[in-house]
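In this note's numbering, each residue carries its 1-based index in the sequence shown increased by 95. The C-beta atom is built at its ideal place from N, Cα and C for all residues, glycine as well. A short worksheet on the structure shown next.
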Amino acid sequence: MSEPDPSGTKAFGLWSAVFLGVGSMVGAGIFIVIGEAGAIAGNLVSVSFLLGGAIALVCGYSLSRLAIRYPSRGGIIEYLVQGYGEGFLSGTFGIVFYFAQLVSIGAVAKSFGTYAATWSTTTASGHIDLLALGILGFFVAINLAGAAVVARAENLIVVFKLAALALFTIVALLYIDPSRLSIEEAPGALDILSALGLTFFAYQGFSVITNAVEDMASPGRTVLRAMFLSIGLVGVLYVAVSIAVFGNLPLQEIIRDRDFALAEAARPAFGDWGFRIIAA
């Protein structure tokens, strides 16, 4: 947990908080779910992303109100304590929350291993697991190096990540084949809901905004606006990415390459180097 700024200066304005939220959400989640969710919902995966964004907005509103009422860097854990007291229920829910975060981190690391393995001649499960462990070790080392190193590393990674996705989306949208976006056989509501369980995962991270509430000059105004803006911007990006992917690849190819469909969708516009850059 970070210490208060001794100068008394509040570090987070509106756009700083928005950038924090966007950077926390736009991570490996979109790389993981675009192919998996597309294999379930087909060309309607963009609807699942829209629904996921709507649910994230509702959750974000609730968290924002809690953050204003109970400002704390403890975030969700603090709200559990406020709601249930310091006892069995809050402790149990807190442990479940931490385990959920561990599962999420594991899934993201596995996704990195899958994408990174495309740079080599083998995609064997053991090779992917080693790469996943390697990236976990890398970020553990960064965290051990101190807050300043973490901040610089996060900024560099977020800028690279957003730039790569934005460039891919803008150019790939120019190369889409409209016939690939036609829905010959629309999936059922159950398929869209099943995909929703995956697409919502790509929004995970918006709650980080509430952890910074004590560092905001006007938390009553900033936290809610930052939450809505960040989720809205990410939702637009995800829908655009899903259209770009499905407009550049046949559904059968997306299903076949679901583990790295986003990188595969870069080939028509950027060639092999586009695939390599997105896979990185």
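Within-8 Å CB hit, residue i to chain B
i, result
"Arg168", "The chain labelled as chain B is not found in the depicted structure, where only one protein chain is given."
Extent of the continuous alpha helix (DSSP H) run through residue i
i, result
"Asn306", "Val303 to Asn306"
"Val336", "Pro314 to Asn343"
"Tyr179", "Ile171 to Tyr179"
"Met120", "Leu109 to Met120"
"Tyr156", "Val140 to Arg164"
"Gly292", "Ala284 to Thr294"
"Gln347", "Leu346 to Arg351"
"Ala356", "Ala356 to Glu359"
Beta-carbon proximity of residue i to residue j, cut-off 8 Å
i, j, result
"Leu115", "Val334", "no"
"Gly147", "Thr294", "yes"
"Gly342", "Leu276", "yes"
"Thr305", "Ala132", "no"
"Arg353", "Ala204", "no"
"Leu332", "Val153", "no"
"Phe263", "Ala136", "no"
"Ile350", "Val340", "no"
"Leu326", "Ala151", "For clarity, residue 326 is Ile in the given sequence; the question names Leu instead. Their beta carbons are under 8 Å apart, which means Ile326 touches Ala151 by this criterion."
"Phe382", "Gly124", "Outside the shown range of the chain, which is 96 to 375, sits residue 382, and nothing can be said about it."
"Ala312", "Gly178", "no"
"Tyr270", "Ala195", "no"
"Ile278", "Asn138", "yes"
Residue i burial status per 10 Å Cβ neighbour count (16 or more: buried)
i, result
"Asp272", "exposed"
"Ala240", "exposed"
"Thr187", "exposed"
"Ser302", "buried"
"Tyr193", "exposed"
"Gly315", "exposed"
"Glu181", "exposed"
"Ser337", "buried"
"Phe370", "buried"
"Ser274", "exposed"
"Leu357", "buried"
"Gly232", "exposed"
"Leu84", "Residue 84 is absent from the model: the chain starts at 96 and stops at 375."
"Ser119", "buried"
"Ser141", "buried"
"Ala227", "buried"
"Phe355", "buried"
"Ser102", "Here the model assigns Ser102 a pLDDT of 46, short of 50, so the residue's position is not dependable and the matter cannot be decided."
Length of the line joining the Cα atoms of residue i and residue j
i, j, result
"Gly366", "Ile373", "11 Å"
"Ile129", "Tyr298", "12 Å"
"Phe68", "Ile252", "Within the shown structure, residues of the chain are numbered from 96 to 375, placing residue 68 beyond reach of any answer."
"Pro99", "Asp224", "Low confidence applies to Pro99: its pLDDT is 45, below 50, so where it sits in the model is not reliable enough to give any reading."
"Arg320", "Ile171", "19 Å"
"Ala236", "Ser206", "20 Å"
"Ser143", "Val117", "19 Å"
"Gly300", "Tyr174", "17 Å"
"Glu309", "Ser159", "12 Å"
"Ile127", "Ala248", "22 Å"
"Val198", "Val191", "11 Å"
"Trp368", "Leu268", "18 Å"
"Val318", "Val176", "21 Å"
"Leu328", "Val113", "9 Å"
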